[in-house]
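Protein chains in written order, with the working numbering: chain A, 3 to 662; chain B, 3 to 662; chain C, 3 to 662.
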């Protein structure tokens, strides 16, 4: 358990360095990250290196027994590089080189750029490999899937396709290219998806482009990792990821890295609507799930956000500390706060750090000190892990496929996942968010939302999971496509029909219109047997399958909307529509009880319950994720019966941690 | 009367062809359309043709006595063509070649492209000219006015202007180019309208560009028609049109074609607001009006829409059949449903056909069978036509002119036409939507909304129509411009002032603000003498002219808003503002009675009444265009007095047809 | 005092010229502006000049004793120029030449364009220098800061930077370029800000680009002024400015011009919300403040606006005259109405003049005649000036800086200025809007809103003003940056902390969320002690400083929001938040009384009180800026006590003027 900060010595006069390090030490900081954007300082002219200043900065922290993560500065090549080699600048979807002066605007694939990366990384890793305080490296910064459309990348994309399909005829068949005369007679005709209307392009081709773009970034990460690893075998190596427009497949990107690290910036403006979901916890669970082990926060919220967008509201008291502890409760082992002091120059100057521009120790600094103190006392937590019985399957394939072909206004892939995550969280049930290709045998309940694009492996895995006694949740828009993103010619959910015990006769994409549902008795609460749905209605042919909810309106009034089917030793739920929160809670409560997993009774909305353990001891975390004080009684309910009742009062954003 | 489907053999494995054709036959299909996008299959490599598969598909349908429409596949040139001849790719308003991979993205004017079109069309027409089951050809697909800005088109545009104006001085004068130093000293200075702000460009120049763009597409259609006609004199030739952003002048485009065909996709989400207008009927009447004769539907709604946009709601029961019969009621003689089975590949895969991806016969299939049965019994309807006494004048000139210079926020050309069409429809009065240059002598009432751009011919035609006893409706924004799109220096409505018997002192473009009107007693209903208007207020100097409504607010309170003038043997109404629906109904009811035309009393909102006849017999159609069951009593009222009262109950989207 | 019109003889057949001039004469017109866009008529082919028509037009007006302002026609180079020298076309932020055919689309810096300007201006000024009726010249038209990104401008920008910084190291330091490896190793690496996301670029660099762009336009104006001045020493020289997207620094641009002229188009759609501010008066005061002397209106509202946007509502009766007199009340000495007759061709044809396209004398014409009559009787007003005790400081630096870095959603620089201007206007207190670098010694109260970017001079000036007894109003977002646009490392408001007597502990950018304030007793009205604020909350450490308002909500409830500090002989108010109108009025009323300046009691919302004087006599203006008749009693209150009460009734847009 370590709290640290991100620090940019190159941005401050030397006179601040020792003073800053002393204050960090005093606050309780045990690790810093440096060098992320410092290429122009490390190599001011081509092949003229200047590392002395970084040596000094490293030494200052080392003297204070503060560990150091160094970064490969490759996200921001210096101006001389762009001037001399304009061909390494990214090309956008209009076919133009993007304007530089910002960051990240280089073609990851260009051989010239790769050579420059190799030079600077080799210098960096060689210089610090023997420094015991330099414990690891961050590769680049907040990488996205590589959507560069330059000639080099165009050729890479063709190579990707040629390798995958061999002959152009195979590709034409895989894409169904007879539509709109889309058949290629040569690989040379294939280009990246230029233009502003990707929804007009062939979805099979588009899915392959996304796969290529993701693989391209993963390959770039592997390239850097190998460079560093060859020089410094013991160094920890990671890259800091985030939720971005063009997400790479993180499972692939982190495959050979030592751990996942994440840039965690919960929004400081709180929702006022009860329907809004627990997205911070979701994001953290997602990060833990990438490698199914504990992770780092490489950048953690420390002040008002803003810079290219106007500023967000100030952090409420408790937020800085609370959100950091929340990350720990979800599996973070090390958290670096972004950043020590707010930048006084550059476009990011209103993305606030712990200290304001004034350099005066303020409210957030004091809260940060408290946080360090708390965390530095949690030494027992080292080596604890989170073991959950419920998993939600995430799949880059689905994310890409839904971006290519939005199914109905308002339905988004991540929102579907969040809705299920939220419902289990409301009952204090921990959830793993994992790759859809993961081993499912350790789970009791698996939620597989909208498995739109399928393949034989997922079909096999889910069937086996159920056969072995698991409870599986499937939803609408499952089984629609094969691995080529072609529609499967069979009644929905096609390859999942037999395990779900149903077929879909027809569907009604209702969008924002509300549809009333009648719930089966098992799902009713206080005699209330209705719920609301929206967005999508599968009209289900349930025949011999148990029906948990039926539609209350429209021409399919009375048709099954939610079903439950025994299959092998297990059970498959099929949710043919999108429930509102209250309906979802009723449904998930029923499912939890049926599956016999442990849950918590009495949690108010917005209070999270999580558990870390090490086989011997167990730490329970209760976090108030709201700006109201929450007083409540709660207990853990399991098949062995209910625990005793606990009384709890939590201030806004307060975390209670105790060991059993 | 024929019902058919659009079929894409190239998209399905051969094994499906016979099975599909058998099922179509069984359902009652009598015609199919094929080949629309199949260029890459017909000419996989340059000059290497492959027609055997199409021969087989044609034979399969011919064997089953199903007629065939073949399409020229020119909308989607194959990839090899774009690779080899990139100069045939369209150029957009930024001066860049548009991204390909979609459809339609070729320059209609490029000589190289034209040669390729000629080659493939010649092959196609030659091959099937002797096949009796191949009854005709569709040219290309959903053409728009040609807005390509490539050097070839730039030159074509200059030629168009040179031909029209002869000398550059004439053009400068016609455009009023002294404004902003816009004078050209040479035709070579004229370019297409590049850039994103066409409203900043000279409106006279812009109108000529639209005229050129429309003519350019019409000339392309003529080029294809002549090619086919020269080979197969007896073949029916058409092109399928639609309501698109860049509408060509359909009167010009269809001039030499055998009939109009239209792609008819009524929205499946029904309006909830009573003010929303009857647009499906409007669109159908528009299509019938292009050649003032019956037409075809080449693509008819058959399932949920969606693909580049998210999906729309499912079709309500009755919609598939009802909308098809509605088209017949408005003059369609043949209707092809798009499409037999939903595509499983390509960007259009969620634009649903009669059969879903599953290939299971479902609800919509059953409704389609019912439709076929109904229509196949309507043999008597052959050769019936629609004869109306009311015409609304449409003019491409106005459509272009208002796009170039929107007059006030919220006022759109088509909406003005629809409002009048809607009001007559509410009283069961059939309306022809016709070209403004048409012969008007067969009509009793002519509505000429917003004749913004005028010319001597329209001025003459309208005057003569009124002199001969016709009732003419004129509106605000009439007589503003001459044929060069220059403002006329006379009090509005300028060239129409004498027939309208008024002048406009001033106008107030009020936009969305509401303005109260006081109606003359003749227009009052149940003593109610007010109505609401918005968007535009002409302040009318009425003097000796009868006033039907006056403004109730603002500084022109009490001024005339709507007037009525006897002229020659006829009458001219001038509507200086934009009425809400209730006001419009009051006004049109009065006008109908005054003109003595036949109308229907008792129609509920949303029920349409239409008539087809053949001189001897008369078919009456009553269509419930709502999702509620409608029970009502109605009668036809004419100068000869009222018919007897009929009782009617119509289910949602139900059509009642009977012969008298 | 002169009323005139803008006239375009080149747009009308010669037959209209005399008739138009006669009617102008009759209406009371004493000055016309001509030639603004007539380059193609004056030089139809390169170096072939044609001035005879202008000679004739000038003679027609001279004969009628109507003065003439001629314009350099450089805003619209002829088509032959663009065809022959395409390199003079502006380049936009995508690196492409902009589409021509509109106006203003030439690179102000290109040597070829400059030569062409020189040629035509020399011809023009030489031809008319001896004509006594040609009294002056307008340079170009509605210039913006020069954002052209062509290679010539790119080089100019580099020269600007090289001149400013000498060595690249200095620039790197001034910009804090170590962030994101932004360091340049050579000036050649610097380019204009290409791309659509300027908020991602270094704000120090961006501020310099704005400074350069403004200077570039000012230099172009100076270039033209010198050309004219060298030929015609006595001619009045100006340029017509407006509020545009890319405002140049007007203080710099008008430095050597004889007077400011402004294009004044108040919106004709009146606000319905009481919170909406008096922006017309603000704009006029801004224009008077540029040179701190009287100014001209070169284009004044005369009819419905519209052309590239849909049309606005008609002018209410009284507006044409009233807004013209309002301009006089705020310091305009000459007003030219745009335009005599509405254009019948070109893109601007719905930007209405006094006469409509019809050329019929209508309501607006009659009102214009009344206006001329009124103004021609105000001969005594000549040489009167406006002397105010309150100044609001405007700074181009702030405007640019806030555009580069918007601070919070909804907070805009001009809106902040307008809010203070509005509050003083509500109390009949005249306000000068002046450059922040002006001499402040003549004022009692200075409002310095959001001095975000500071420098030593402003710091010194404001301190001295307060020391000498002035009352200064400072606000949130002051003292944030140094002159390089780098954040200052000190507690806010940094360089102003000592005079304000406070520091800001922290800030909360709350955006549209409302925050309740508790006001000190001094600010309460009828016992009401609350007000509302929004957008931004500085949490103030006030200690020994008087607190005028405290926050009523959130975690900083009870903290100071508004303070008052005695410093030297004067006082500094610090407003840490953004008040709603009612709160602002309470605050400003208190401040006015405390400062002892004269104000007016009894003005209804929307009635403006202004004063012009010449040392001996004083003219008072009362203007009803609403569409309701206003009846009210009012009196002037000064330290000498209150005047007697006056009774007043003003019709909509009526102006009462009287001399004391």
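The beta-carbon is built from N, C-alpha and C at its ideal position, and this holds for glycine as well.
Proximity test, Cβ basis, 8 Å: residue i and chain A
i              : result
residue 410(C) : yes
residue 312(B) : yes
residue 372(B) : no
Residue i (DSSP reduced to helix, strand or coil)
i              : result
residue 385(B) : coil
residue 611(B) : strand
residue 597(A) : helix
residue 242(A) : strand
residue 335(C) : strand
residue 572(C) : strand
residue 139(C) : strand
residue 36(A)  : strand
residue 104(B) : coil
residue 561(B) : coil
residue 520(C) : strand
Residue-chain proximity (residue i, chain C), Cβ-Cβ < 8 Å
i              : result
residue 492(B) : yes
residue 359(A) : yes
residue 332(B) : no
For residue j and residue i, believed in contact at Cβ under 8 Å, the rounded distance
i              : j              : result
residue 186(B) : residue 204(B) : About 11 Å; that fails the 8 Å criterion.
residue 36(A)  : residue 59(A)  : 6 Å
Sheet register partners of residue i (DSSP bridge)
i              : result
residue 530(C) : 527(C)
residue 307(C) : Answer is none; residue 307(C) lacks a bridge partner.
residue 635(B) : 649(B)
residue 2(B)   : What is shown of chain B runs 3 to 662, which leaves residue 2(B) out entirely.
residue 119(B) : None, per the DSSP bridge assignment.
residue 641(C) : In the DSSP output, where bridge partners are listed per residue, residue 641(C) has none listed.
residue 543(A) : 505(A)
Residue i: CB within 7 Å of a non-hydrogen atom of the ligand FAD
i              : result
residue 538(B) : Here there are no bound small molecules, and the ligand FAD is not part of this structure.
8 Å Cβ cutoff, residue i in contact with chain B
i              : result
residue 511(A) : yes
Short CB-CB distance (under 8 Å) between residue i and chain D
i              : result
residue 456(B) : You won't find chain D in this structure, because its protein chains are A, B and C.
*In chain order, each beta strand (DSSP E) run of at least 3 residues that lies wholly inside the region 400-439 of chain B*: 433-437
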